[in-house]
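Here is the structure we will look at, set down as structure tokens.
Numbering (the working numbering), first residue to last: 386 to 573.
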């Protein structure tokens, strides 16, 4: 099964974030340019778990994707989400009932938000309150977003707190996360 990979430094940051969430990753190797990764970040079996336990809405979204790579990453991300949630909740991952699309929710569990961008994925969990997260890859080849999508005022606001990041993409990520947080992902 193809598994998304992270650079060595990103793995360390992601592993530290998982550890802060109370999920202890196993040791992994980041040396000599090798892409071996023995940790929860690789999530062996995530794709097979998706095949066995995905909800109808997830299967429909997966089937509608035109590119095989996007389908593979979606399949892996949603399977990995089940593995992480099951570990946090102490339940069988095949028994999780994840509600969506829109604001994701798991019956009897924390509020969740999942975002994918290319081969990267982030999952946010919160107990007792909704959560929204968005992940955007800033690639040089990505054309700027139009002003009717991210206004000049929004771009200027982003420049105040993240001048090193593309303001159009950061503004988009904030809006996407807010849409997920407030369950308004149906907005244009």
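Glycine residues also receive a C-beta, built at the ideal position from the N, C-alpha and C atoms.
Cβ-Cβ separation between residue 501 and residue 462: approximately 5 Å, consistent with a contact (criterion under 8 Å). Across the structure, residue 445 and residue 438 are spaced so that their CA atoms are roughly 13 Å apart.
Residue 465 places its beta carbon less than 9 Å from that of residue 428. Shortest Cα-Cα distance from residue 530 to any of 455, 433, 553 involves 553. In the three-state scheme derived from DSSP, where H, G and I count as helix and E and B as strand, residue 547 is classed as coil.
If you look at residue 507, you'll find it in the beta strand (DSSP E) that goes 505-511. In the DSSP assignment, residue 525 falls outside any alpha helix (DSSP H) and carries neither an H nor an E.
Bounds of the alpha helix (DSSP H) holding residue 458 are 453-474. Less than 9 Å divides the Cβ of residue 496 from the Cβ of residue 516.
For the 9 Å CB-CB criterion, residue 484 and residue 440 form a contact.
DSSP places residue 499 inside the beta strand (DSSP E), whose first and last residues are 496-502.
Straight-line measurement puts the Cα of residue 442 at about 10 Å from the Cα of residue 448.
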